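Trainee: Just dropping this structure here.
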């Protein structure tokens, strides 16, 4: 696994800069890249562990902007169902994970590019439902951004409030699904080295991305991000 570092670390750094500006996507890009070297299940588990670096880094920068009323109702069902989804993750065939991940990636791209979009009134019932659906999906395919971002954007959250709310939710639901993944993780020296090397790279990337946000076009970064995600989705569909 150490041989992945020359590819993984630059990807995490560049991705954390881009995705902090664009608002989401680092985990998706990294999982797709890792599938060139590992199977999709191992790729998802590795990025879920690295998620404990990504989400706290974003949390520390943006938590004061979070909509805590949305966070609370979102997580009531989101966390337990992310654990349930994590249990299902190891029971379904690997090809099913690839197909689900690809489909959710394409859905994510379509929703982000849709000129009309859709809106969800952030009532308690709606937020509970979105949290439940997102939690289950997050555990089953390993990447909650694919539904979390469209849901939060549809509730009217943008820029810092979006990033703050998303980072809190991501950290909590990631904890739920990793709790389900843990019995199936083989802790090796190589895995610990990869996780340790990822920490400063991601923290630096998030910090740079935050500083660049006032000076760059968010749309340029977002379109590039969506193109990469689309290409990765077609890779999973056509070249597993």
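In the working numbering, the protein residues as written are 1 to 240.
Note that beta-carbon positions come from the ideal geometry of N, C-alpha and C, so glycine has one too.
For clarity, every value in this text was computed on a predicted model and none was experimentally measured.
Would you say the region 100-116 touches the region 45-61, given that touching needs at least three Cβ pairs under 8 Å?
Mentor: Judged by Cβ distances under 8 Å, the region 100-116 makes no contact with the region 45-61, as fewer than three pairs qualify.
Trainee: Hey, could you find the ends of the alpha helix (DSSP H) residue 68 is sitting in?
Mentor: Its alpha helix (DSSP H) spans residues 68-89.
Trainee: Label residue 62 either buried or exposed according to how many other C-beta atoms from any shown protein chain fall within 10 Å of its C-beta, with 16 as the threshold for buried.
Mentor: It counts as buried.
Trainee: Please return the same chain residues whose Cβ sits closer than 6 Å to the Cβ of residue 150, not counting the five positions on each side in sequence.
Mentor: Taken in chain order, the residues that qualify are 111.
Trainee: So, is residue 211 buried or exposed, given that buried needs 16 or more other C-beta atoms within 10 angstroms?
Mentor: Label assigned to residue 211: exposed.
Trainee: Using 8 Å as the threshold, is the region 157-172 in touch with the region 63-71, meaning 3 or more CB pairs across them?
Mentor: Yes, they touch.
Trainee: Got a sec? Which residues, its chain only, sit under 7 Å from residue 168 by beta carbon, not counting five neighbours each side?
Mentor: Same-chain partners within the cutoff: 59, 63, 66, 71.
Trainee: Hey, how far is the Cα of residue 237 from the Cα of residue 231?
Mentor: Straight-line Cα distance between these residues: approximately 10 Å.
Trainee: Could you have a look at residue 186 and say whether DSSP puts it in helix, strand or coil?
Mentor: Looking at residue 186 - three-state DSSP - the assignment turns out to be coil, as it is neither helix nor strand.
Trainee: With 16 other CB atoms within 10 Å as the buried threshold, where does residue 36 fall?
Mentor: Result: exposed.
Trainee: Do residue 181 and residue 43 have their CB atoms nearer than 8 Å?
Mentor: In this structure, residue 43 does not lie closer than 8 Å to residue 181 by Cβ.
Trainee: Which two residues bound the contiguous alpha helix (DSSP H) that contains residue 52?
Mentor: Unbroken alpha helix (DSSP H) run through residue 52: 40-62.
Trainee: Could you check the C-alpha separation between residue 187 and residue 125 for me, to the nearest Å?
Mentor: One C-alpha to the other measures close to 40 Å.
Trainee: Expressed to the nearest angstrom, what Euclidean distance is found between the alpha-carbon atoms of residue 114 and residue 227?
Mentor: Their backbone Cα atoms lie some 14 Å apart in a straight line.
Trainee: Would you mind sorting residue 173 into buried or exposed? The rule is 16 or more other CB atoms within 10 Å of its CB.
Mentor: Residue 173 comes out buried.
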